[in-house]
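What follows is a single structure, written as structure tokens, with notes after it.
Number of protein chains: 2
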Amino acid sequence: MTRVRDLSEEQILERIVPLLPRGSATLLGPGDDAAVLAASDGRFVVSTDVLVEDRHFRTRWSTGYDVGRRAAAQNFADIAAMGARPTALVTSLVVPGDTELDWVTGLATGLADGCAPVGAGAVGGDLSGGPCLVVSITVHGDLEGRPPVLRSGARPGDVVAHAGVRGWSAAGLALLEAGLVRTPLSPAPLEVTDGVLLEDAWERLVAAYLRPDPPLAAGVEAARAGATAMLDLSDGLLRDAGRLARASGVRLDFDAGAFAKDRDALHSAARAVAAATGLGDPGWGPGTSDIDGLTGRWVWAGGEDHGLLATFPAGARLPAGWTAVGQVHGLGEVGVGEAGVVEAVVGEPGPAVTIGGELPADQPGWDHFRA
Amino acid sequence: MTRVRDLSEEQILERIVPLLPRGSATLLGPGDDAAVLAASDGRFVVSTDVLVEDRHFRTRWSTGYDVGRRAAAQNFADIAAMGARPTALVTSLVVPGDTELDWVTGLATGLADGCAPVGAGAVGGDLSGGPCLVVSITVHGDLEGRPPVLRSGARPGDVVAHAGVRGWSAAGLALLEAGLVRTPLSPAPLEVTDGVLLEDAWERLVAAYLRPDPPLAAGVEAARAGATAMLDLSDGLLRDAGRLARASGVRLDFDAGAFAKDRDALHSAARAVAAATGLGDPGWGPGTSDIDGLTGRWVWAGGEDHGLLATFPAGARLPAGWTAVGQVHGLGEVGVGEAGVVEAVVGEPGPAVTIGGELPADQPGWDHFRA
């Protein structure tokens, strides 16, 4: 078994670089001091994300391939959330010397498979030793002449819509932690569909955690359809929705039943997890004293689904892949709930997220730093 | 004393973001899913580099400010080496929870000071906890309509030229390791000039290691003056020159006396280091059994000077900051040395770097991974 410490930096790069896709916007790929990319409309979009071993992934569950797929996908979701088409990524990789070379080449293959659906290139990188695995990805995108879709553009009267899976990643992580699904998963990409989840489809939930498959095309389609605001859902639906609400200076009200079908679909996984770990396990967080609480937490507060949340003008026809899940209200407006509830919302110091007009129970989502 | 674990991710970002410069090419700065940058000629240049604690810097010598300055500078050097003007950077930062907040805000200030000379923006980032400090920077640049200057363009007959300091960074590191200069240095930027180094100017050598100041403008000027090939010198002059030679399919011959003045200027530091650590200390590497060997190693093999090496057509007028240091030869040509020496060069399997027609002694420079 070859470990990375057995090879020089240049020898490792010789194994990695041939695995990486060139991409349709790449004018000059890896091998020089820098790469050169096309920016068709004289602008480019850029975002960066870092994955740290034992914080964002665990090598006992995630192969190098999984981490590469996830790193590409979750970064491209940030590009899609601007309404842009992903064009290229660069990677900084920190690897302990005893890492197997196969893990590193697997990562490269995962990056390549993450790039493939959008035709993006993997155009450069840097490699260093270090005490734990760190994968830092910077992604780029092309707005193709459109204005970027910001978080700040939601207006009262807009429709709130969602694209992607809901709660699958948190459920998949819980299944892994409870030992209910074995890894590694098959390296073949698992198709994520919008259909009803079968009882025996736990592997799909685990795949959603290990290798999220964000609705990248839906971001571009939303921009074309006139989305007024959009963001990637990485830290939990309610937490990220709060960011959009604050940036726009509005209140986002979700339909109470918007995700009932999703919660139903997660019941079998929740029952199994509860049976394996004990119902109301403190690790599941507040409000999870029963199965319904657990599926609610997965859907409303679970991180890393990397779906997209957007707002559209009232009456706009939602593009394929998008589901209406709520409405945008002004801060001073009377909500849809009972009088006492509306007062609580109006009394908030700033914008808020409500579910059926009510402030949700405390489900703060994920804080990368304190975790 | 505030440590990062005392604050949430959002609270830390609230301290960092106001310190970061917007930059002249920034259309949308931090705060959304991604930033938007201008690409004036429909292309952009991108490069990434990672700095790992105890590999690329040590916190007992480098403040957060130093690491920020260095991270920006060494990345921008890669952009300059393409003949491009740096426009923007994004940062992924991994910090242990017990890191002082001042270290992180110092890093942001250092990044800002590294951006200032070129008007670049710091337009986004990501923050995570982790077991050691990791700073991953991705930089972008604008070719302003010019073709990129590649490593592969050197042609027989070209002049080899250099811009920047030579051996200062390695000498500065040696002075630190020998305990001859106290840190932290003053946060005021130390001017690096091309003049003769004073005997009492060791702080400048240390500053060249802690906060390199690459000749960024010289990269753009070289491109405008018709440079045929160029690269950033990060892993040592001979090692990096070999990369340019291989990419171009040529032999690079340095004038034997090209850097004699630089070596003379480093003599006082070398004498002091040798007195402190013992002459011929195995830590100094091969060929360093005397003072002259030590200064030679610093100049020819010392890493992280982040000067630029370029080739220009014969007779081209070198821009300000550039010094002619050698010539480009074809692989089959007869060199300038003695017959036996030339045979050795011709007998090499591929392109080579020579000094006065002779193959240099083994001074391989820096391998990030094996170090």
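Protein chains in written order, with UniProt numbering: chain A, 1 to 371; chain B, 1 to 371. Where a beta carbon is used, it is the ideal one built from N, C-alpha and C, also for glycine. This one's a predicted model, so the numbers in the text were calculated from it and none came from an experiment.
query: Mind checking if residue 1 of chain A is an interface residue toward chain B, Cβ cutoff 8 angstroms exclusive?; result: no
query: Kindly list, in the order they appear in chain A, the residues whose Cβ is closer than 7 angstroms to that of residue 44 of chain B.; result: 37, 39, 44
query: Once you ignore the five residues that flank residue 130 of chain B on each side, which residues in its own chain have a CB closer than 8 angstroms to its CB?; result: 94, 95, 96
query: Is the CB of residue 55 of chain A under 8 angstroms away from at least one CB in chain B?; result: yes
query: Can you check DSSP and say which residues form a bridge with residue 48 of chain B?; result: B:138
query: Output yes if chain A places a C-beta closer than 8 angstroms to the C-beta of residue 27 of chain B; else output no.; result: yes
query: How far does the alpha helix (DSSP H) with residue 70 of chain B in it reach, from first residue to last?; result: 64-80
query: Whose C-alpha, out of A:120, A:135, A:152, A:154, is nearest the C-alpha of residue 142 of chain A?; result: A:120
query: Just to confirm the assignment, what range does the beta strand (DSSP E) spanning residue 322 of chain B have?; result: 322-329
query: Just reading off the alpha helix (DSSP H) that residue 85 of chain B is part of, what are its end residues?; result: Looking at the DSSP string, residue 85 of chain B is not in any alpha helix (DSSP H); the run it does join, the beta strand (DSSP E), is 85-95.
query: Determine, using beta carbons only, whether residue 73 of chain B comes closer than 8 angstroms to chain A.; result: no
query: Indicate the three-state DSSP secondary structure (helix, strand or coil) for residue 178 of chain B in the structure shown.; result: coil
query: Assuming contact is defined by CB atoms lying nearer than 8 angstroms, are residue 136 of chain B and residue 40 of chain A in contact in what I supplied?; result: no
query: Given a cut-off of 8 angstroms, decide if residue 328 of chain B and residue 294 of chain B are closer than it, judged by their beta-carbon atoms.; result: no
query: Chain A partners of residue 49 of chain B, CB-CB under 8 angstroms?; result: 92, 126
query: Could you tell me which chain B residues have their CB closer than 9 angstroms to the CB of residue 52 of chain A, listed as they occur along the chain?; result: 94, 128, 129, 130, 131, 134
query: If contact means a Cβ-Cβ distance below 9 angstroms, which residues of the region 287-318 of chain B contact chain A?; result: none
query: Does the beta carbon of residue 228 of chain A come closer than 8 angstroms to any beta carbon on chain B?; result: no
query: Using a Cβ cut-off of 9 angstroms, pull out every chain A residue sitting near residue 245 of chain B, in sequence order please.; result: Residues of chain A passing the Cβ test: none, with the nearest at roughly 14 angstroms.
query: Cβ closer than 7 angstroms: which chain B residues qualify as neighbours of residue 138 of chain A?; result: 48, 90, 138
query: Whose Cβ in chain B lies nearer than 9 angstroms to the Cβ of residue 262 of chain A?; result: Within chain B, no residue comes near residue 262 of chain A; the closest Cβ sits about 23 angstroms away, beyond 9 angstroms.
query: Assuming residue 208 of chain A contacts residue 165 of chain A under a Cβ cut-off of 8 angstroms, what Cβ separation, rounded to an integer in Å, is found between them?; result: 6 angstroms
query: What's the gap between the Cα of residue 244 of chain A and the Cα of residue 127 of chain B?; result: 20 angstroms
query: I want to see whether chain B comes within less than 8 angstroms of residue 215 of chain A, judged by CB atoms only; does it?; result: no
query: Please report the distance separating the alpha-carbon of residue 271 of chain B from that of residue 176 of chain B.; result: 14 angstroms
query: Does DSSP put residue 55 of chain B in a helix, in a strand, or in coil?; result: coil
query: Answer yes or no: the CB of residue 121 of chain B versus the heavy atoms of the ligand HEM, is any distance below 7 angstroms?; result: Inclusion of the ligand HEM in the displayed structure is not the case, the ligand content being empty and no account of it being possible.
query: Does the region 57-75 of chain A come within contact of the region 154-168 of chain A, defined as at least 3 CB pairs closer than 8 angstroms?; result: no
query: Determine, for residue 118 of chain B, whether the minimum Cβ-Cβ distance to residues of chain A falls below 8 angstroms.; result: no
query: Determine, using beta-carbon pairs with one atom in the region 25-41 of chain B and one in the region 177-185 of chain B, whether at least three such pairs fall under 8 angstroms.; result: no
query: How do the region 26-36 of chain B and the region 18-27 of chain A stand: do at least 3 beta-carbon pairs fall below 8 angstroms, yes or no?; result: no
query: So is residue 339 of chain A in contact with chain B if we call contact Cβ pairs under 8 angstroms?; result: Low local confidence applies: a pLDDT of 45 at residue 339 of chain A is under 50, so the model's placement there is unreliable, and no value is given.
query: In chain order, what residues of the same chain lie with their CB nearer than 6 angstroms to the CB of residue 98 of chain B, ignoring the 5 residues before and after it?; result: 3
query: Is there a Cβ from chain A that is less than 8 angstroms from the Cβ of residue 148 of chain B?; result: yes
query: Please classify residue 204 of chain B as buried or exposed, where buried requires at least 16 other C-beta atoms within 10 Å of its C-beta.; result: buried
query: Which same chain residues, not among the five before or five after residue 251 of chain B, have their C-beta less than 8 angstroms away from its C-beta?; result: 245, 328, 329, 330, 331, 333, 335, 345, 351, 352, 353, 354
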